[in-house]
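In full-length UniProt numbering, the protein residues as written are 1 to 161.
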């Protein structure tokens, strides 16, 4: 099968990473994340009645939903693997056409594998840095908002800091 051929170059770390990506993350995202982070905006309460203030402050505090961010992360992190598997599939078709004996993957497929690992690593680190820049490691239960149309400084309270 194509997956067996693709795993010829995979290390144990690569296989574990793939398992964590596709099983653990998808399971957490599909089962738990929706229940935990689904409707955070209704629980984000500000001490003002000014129309639009709650929405503006929520958008400033949470520029992108964590669930959407994690879905984007899964898509971008898995894209290099899909490109690599597509390349491996194409080379497999070429080998079948040439009736070449099965041998460990070399040449362009090995280069594609290394490139896909490097790309996936860079994208993964990029998303970690992005999440840190957006939210940090600690979220305070109190968010102070000073954006218009809010009058003065408004205190907003996060439901699950």
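Note that CB positions come from ideal geometry on N, CA and C, so glycine has one too.
- Nearest CA to the CA of residue 131: which residue from 48, 24, 66? To locate residue 131, count along the chain shown from 1; it is residue 131. In this structure, 66 is the residue among 48, 24, 66 with its C-alpha nearest to the C-alpha of residue 131.
- Message: Given this structure, state the Cα-to-Cα distance separating residue 126 from residue 64, to the nearest angstrom.
- Response: On the chain shown, residue 126 is found 126 positions in, with the first residue counted as 1. On the chain shown, residue 64 is found 64 positions in, with the first residue counted as 1. Computed Cα separation, rounded: 16 angstroms.
- Would you kindly report the start and end of the unbroken beta strand (DSSP E) that includes residue 156? Along the chain shown, one-based indexing puts residue 156 at 156. Residues 154–157.
- Item | Distance CB(residue 135)-CB(residue 44) smaller than 9 angstroms | Translated into the one-based positions of the chain shown, residue 135 becomes position 135. Translated into the one-based positions of the chain shown, residue 44 becomes position 44. Against a cut-off of 9 angstroms, the Cβ pair of residue 44 and residue 135 comes out as no contact.
- Exposed or buried, which one is residue 116 when buried takes at least 16 other CB atoms within 10 Å? As a working note, residue 116 is residue 116 in the chain shown. By the C-beta density criterion, residue 116 is buried, having at least 16 other C-beta atoms within 10 angstroms.
- Message: For residue 140, tell me which candidate among 74, 148, 59, 155 has the shortest Cα-Cα distance.
- Response: Residue mapping note: residue 140 aligns to position 140 of the chain shown, counting from 1. Taking each of 74, 148, 59, 155 in turn and checking the Cα distance to residue 140, the smallest one comes out for 155.
- Could you pull the start and end residues of the alpha helix (DSSP H) that residue 53 belongs to? In the chain shown, residue 53 corresponds to position 53, counting from 1. That run of the alpha helix (DSSP H) goes 53–61.
- Query: From residue 50 to residue 147, what distance separates their C-alpha atoms?
  - Reply: Walking along the chain shown from the start, residue 50 turns up at place 50. Walking along the chain shown from the start, residue 147 turns up at place 147. So the two alpha carbons sit approximately 12 angstroms from each other.
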